[in-house]
Structures are given as C-alpha cells and as structure tokens.
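To start, the structure itself, in structure tokens.
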Amino acid sequence: MVRRDKNIPWEVIIRKFKCEISEKEQAELDVWLADVENHARFQSWQSLWLSIMEENMRYVSNVDALWKRMEERMRKAEPRMFKLSLRSFRLYIAAVAVLFFLLFSFAGYMTAELYKASDAVLAYSSLNGKSRICLPDSTFVWLNAGSTLEYFVSRWTKERNVRLDGEAYFEVAADPDRLFVVEGGGVVVKVHGTVFNMKAREKQDHVDVSLLSGLVVVENHGVSRSLNPGETAVCKKSVPSIEKKTTDVSISCLWAKESLRFEKKTIYELTGYLSEWYGMDIRLDPSLPTDQAYTFTITHESLEEVLCLIAKITPIEYVFDEDNTVRITRK
C-alpha cells in the first residue's frame, strides 16, 4: 500500500482542483483514474474538497486549522493511506490548503467567489480577456470577457448544472449517468459529452448555441430542438421559439483559440473572423479594394494593432465608435 500511495499524482490532482490542469496533465490523471480504487479515492477527495469550499467562504481565515481539518477528514476516510510519513502528508495538505487561497486570487484574470446561502454557489468570472477553467467532472470551459459561470457546490456530485451569463466554449466530459445542463438567458442546453459554444449575454435579446461535435438538446420556454454538428440555434428570449441554422460554427468559437492564422485572405474575408475574435462589429466601406490578400497570425495583439498593420499595406482609415463598432473606409 505504501508503494502505491507514493504513485499518487498529487501535483496533478492539486492542479485539477485549482482549475489549472493542462490537457497533458488531464490525460495523465485519466490513466491513474482508470484504476477502480484510485477513482474511488479521487471521488472521496473531490467530495471533501467541495464540502470544505462550501464551509470556507471567500478566504481561508485560519490555514493551520484548515490543514488539521483536512488531515482529520482524510484519516477517517482512508486510514491506510497515512502510512506515509507525517512530513510528506503535511506537505500535501499544505499544498491543498494553499490552493484555497489561490483559488480566490486568480492572477487578476479570474475570480472565484462562493456565496453563503442555503446552497453555496461557486461563481467564476472572466475579468480581462478570456479564461479557462476545469470543472470537477473534467469538463473544460473557456469564458469570454465579462462572462460568469455558476454552479451549486453541494449538488455537483449528483447533478452537473451550471448557469451562464455571457459567452462560453464548452468541452464537456462524457458521463452516461449525469447530463450536463447549461442555463443562460432562459434557454437550457442539455448534453452528455460534446463541444459547443453558447452566447447568453444579459443585454442581448437572444441566445445562440453552436455545436461543433456531439449532440445537444436546446430548450426555450417549452420549445425543444436537437442540434447536430455544424448547426446553430438562435433563441429569442421573449418568445418560445428556436431558429435552427446550418453555419460555419468554427467561426463562433474562434475567440476561445490561442491564436488565429490567416492565409491569403482579403479584408472582406478577414472581417467575420476578426469580429468574432475581438467581439466587435466591424463595418467595411464597399469601395475598399478586393485584390489585396493578407497572411498573418494573431495571438495577443489588439484589434487596433491589427488594423494598424493592415493600414501600412492598404490605404485605409478606421474609427472606433462607442457602440462597440469599428468603421473601416478607404483613405
């Protein structure tokens, strides 16, 4: 038992609970979880994690007490595990305890708040740009700027229900026993394991759901429609209707990518991609030239930097309006 315990991927598990796990680390964890006993351990630790998050609102006020509480609970849950040295165990517990604090100070890009109520709600908010989180079931979610994702902590082991305000890209982990349900703007999306984008901003009068792979069911005020890959559902918030379209859904998800590569695209072809990437309404003067092609890659550049680059090649002028619109005209 001692030999096996030493093979527990503690660092990966901690990063999993911190929502900082990479795809490579997730694959490593999945291999470890393939063992039935390991999976049972992980489930118990995850339940413990969620229960302690529910008890410790917003910050860890007494770290030493938290360490002791974690140690006592884990001893009761699995006594044999503590054949490990006390020093090693405390190092693990220290790392776990510290992540409680880190979870609530997410480098300025993400905040996670736990609201005290009859049912504690964990809310993730993307403050500056996009942010990626990993939910307890290994579902990855990319939140666009100004977006918030919430779920009930105490209910998570029984149901995978989240609420979205804003825009998010989901890579949902398959679970045959539990649907993954997203509610946003009065629209409900039900999935098992799939990849889709959902835009449910409070100020918009509609909710968009674009499916890349898998199958989802969209519900809006009693109306229900299923989506196949390559389809987008447009749901009016005020009426019980769902308009289903066949679209290039990859464009809807561009904002979640790390980089965007263009190969010999005209300014007219660029517009749709840039609008989605930056979340701006880009309007072009019809007199702009169509014979100029552009090849470049965007990573962290601002829209103004990109337009400045284009302006060095093509005689254009651009103006940023207050209504999130950019107008591009011939110079």
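For the sequence shown, the working numbering puts the final residue at 1004, and the numbers step up evenly by one.
Glycine included, each C-beta is placed from N, C-alpha and C at the ideal position.
### Message
In the DSSP output, which residue or residues are listed as bridge partners for T812?
### Response
Counting from one through the sequence shown, the residue named residue 812 turns up at place 139. In the DSSP output, where bridge partners are listed per residue, T812 has none listed.
#### Entry: Pick from A906, V992, T919, D838 that is closest to N893, judged by C-alpha positions
Along the sequence shown, read from residue 1 onward, the residue named residue 893 stands at position 220. When each option's Cα is compared against that of N893, the closest is A906.
### Query
Is it right to say N680 is buried, meaning 16 or more other beta carbons lie within 10 angstroms of its own, or is it exposed?
What you label residue 680 is simply residue 7 of the sequence shown in a count that begins at 1. Classification of N680: exposed, given that the 10 Å Cβ count is below 16.
### Query
Does the count of Cβ pairs from the segment 823-830 and the segment 853-860 closer than 8 Å reach three?
no
### Query
Which partner residues of G857 appear in the DSSP bridge assignment?
Residue 857 sits at position 184 when you count from the first residue of the sequence shown. Bridge partners of G857: V860.
### Task
Tell me where the beta strand (DSSP E) around I971 begins and ends.
Your numbering for residue 971 matches position 298 in the sequence shown. Note, I971: beta strand (DSSP E), 967-971.
### Message
Can you look up E982 in the DSSP assignment and give me helix, strand or coil?
### Response
Position 309 of the sequence shown, counted from the first residue, corresponds to residue 982. First, the residue type needs correcting, since residue 982 is Leu and not Glu in the sequence shown. Helix, per DSSP.
### Cβ-Cβ distance between L976 and Y951 below 9 Å
On the sequence shown, residue 976 is found 303 positions in, with the first residue counted as 1. On the sequence shown, residue 951 is found 278 positions in, with the first residue counted as 1. Going by C-beta atoms, L976 is nearer than 9 Å to Y951.
### Task
Using only alpha-carbon positions, find the residue among T972, T944, F969 that is nearest to P959.
For the purposes of this step, residue 959 is taken as residue 286 along the sequence shown, with counting starting at 1. Nearest to P959 by C-alpha distance, out of T972, T944, F969, is T944.
### Message
On the DSSP letters alone, give me the boundaries of the beta strand (DSSP E) that R805 sits inside.
### Response
Translated into the one-based positions of the sequence shown, residue 805 becomes position 132. R805: member of the beta strand (DSSP E) spanning 804-807, first to last residue.
#### Entry: As assigned by DSSP and simplified to three states, the class of R851
On the sequence shown, position 178 is the one that residue 851 refers to. R851 sits in coil when the DSSP states are folded into three classes, being neither helix nor strand.
#### Entry: Inter-residue Cα distance where the pair is I686 and I1001
As a first step, residue 686 is located in the sequence shown; it is residue number 13 there, counting from the start. As a first step, residue 1001 is located in the sequence shown; it is residue number 328 there, counting from the start. Answer to the nearest angstrom: the Cα atoms are 49 Å apart.
### Query
Would DSSP call G866 helix, strand or coil?
By one-based count along the sequence shown, residue 866 stands at place 193. G866 falls in the coil class under three-state DSSP.
### Query
Using a Cβ-Cβ cut-off of 6 Å (strictly less than) and excluding sequence neighbours within five positions of A780, which residues of its own chain qualify?
Counted from its first residue, the sequence shown places residue 780 at position 107. With a pLDDT of 37 at A780, under the threshold of 50, the modelled position of that residue is not reliable, and the figure given next carries that caveat. So the list is empty, once near-sequence residues are dropped.
### Query
Taking the Cβ atom as the reference point for each residue, do T919 and G895 lie within a distance shorter than 9 Å?
Position 246 of the sequence shown holds residue 919. Position 222 of the sequence shown holds residue 895. The beta carbons of T919 and G895 sit no closer together than 9 Å.
### Message
Tell me which residue opens and which closes the beta strand (DSSP E) that I915 is part of.
### Response
Reading the sequence shown from its first residue, position 242 is the one you call residue 915. Counting along the chain, the beta strand (DSSP E) containing I915 begins and ends at 915-919.
### Query
beta strand (DSSP E) containing K689: first to last residue?
What you label residue 689 is simply residue 16 of the sequence shown in a count that begins at 1. No beta strand (DSSP E) holds K689; the alpha helix (DSSP H) holding it covers 683-690.
### Message
Just to confirm my understanding: we take T1033, look at its own chain, exclude 5 residues before and 5 after, and list those with CB closer than 7 Å. What are they?
### Response
The first residue shown for the chain is 674 and the last is 1004, placing residue 1033 beyond what the model contains.
### Message
Measuring straight from C-alpha to C-alpha, what distance separates S899 and I986?
### Response
If you number the sequence shown from 1, residue 899 lands on position 226. If you number the sequence shown from 1, residue 986 lands on position 313. Taking the CA atoms as reference points, S899 sits about 46 Å from I986.
### Message
I believe S925 touches S883 by the beta-carbon criterion, under 8 Å. Please report the beta-carbon distance rounded to the nearest angstrom.
### Response
Mapped onto the sequence shown, residue 925 falls at position 252. Mapped onto the sequence shown, residue 883 falls at position 210. Confirmed, about 4 Å.
### Query
By the 10 Å Cβ neighbour count, where 16 or more other Cβ atoms means buried, how is F690 classified, buried or exposed?
As a working note, residue 690 is residue 17 in the sequence shown. Buried, because 16 or more other Cβ atoms sit within 10 Å of the Cβ of F690.
### Task
Could you check which residue in D878, E698, A841 has the C-alpha nearest to that of V912?
Here residue 912 is taken as the residue at index 239 of the sequence shown, counted from 1. Closest by alpha carbon: D878.
### Task
Count the other CB atoms, across all protein chains shown, that sit within 10 Å of the CB of F993; report buried if there are 16 or more and exposed otherwise.
Start at 1 with the first residue of the sequence shown, and residue 993 comes out as number 320. The residue in question, F993, is exposed, as its Cβ has fewer than 16 Cβ neighbours within 10 Å.
### Neighbourhood of R851 by C-beta distance below 7 Å, restricted to the same chain and skipping five residues each side
Your numbering for residue 851 matches position 178 in the sequence shown. For R851, where only same-chain residues beyond five positions count, the Cβ hits under 7 Å are E832, R833.
### Task
Decide if P809 is buried, meaning its Cβ has at least 16 other Cβ atoms within 10 Å, or exposed.
If you number the sequence shown from 1, residue 809 lands on position 136. Looking at its Cβ environment, which holds 16 or more other Cβ atoms inside 10 Å, P809 is buried.
### Task
Under 8 Å Cβ to Cβ from S948, same chain only, skipping five residues before and after it: list those, please.
In the sequence shown, the residue the question calls residue 948 occupies position 275. So the qualifying residues of the chain are D954, I955.
#### Entry: With 16 other Cβ atoms within 10 Å as the buried cut-off, status of R688
Here the question's residue 688 lines up with position 15 in the sequence shown. It is buried - the Cβ of R688 has at least 16 other Cβ atoms within 10 Å.
### Message
For K863 and V889, which I take to be in contact (beta-carbon distance under 8 Å), what is that distance rounded to the nearest angstrom?
### Response
Within the sequence shown, the letter at position 190 stands for residue 863. Within the sequence shown, the letter at position 216 stands for residue 889. K863 to V889, Cβ: 7 Å. Contact.
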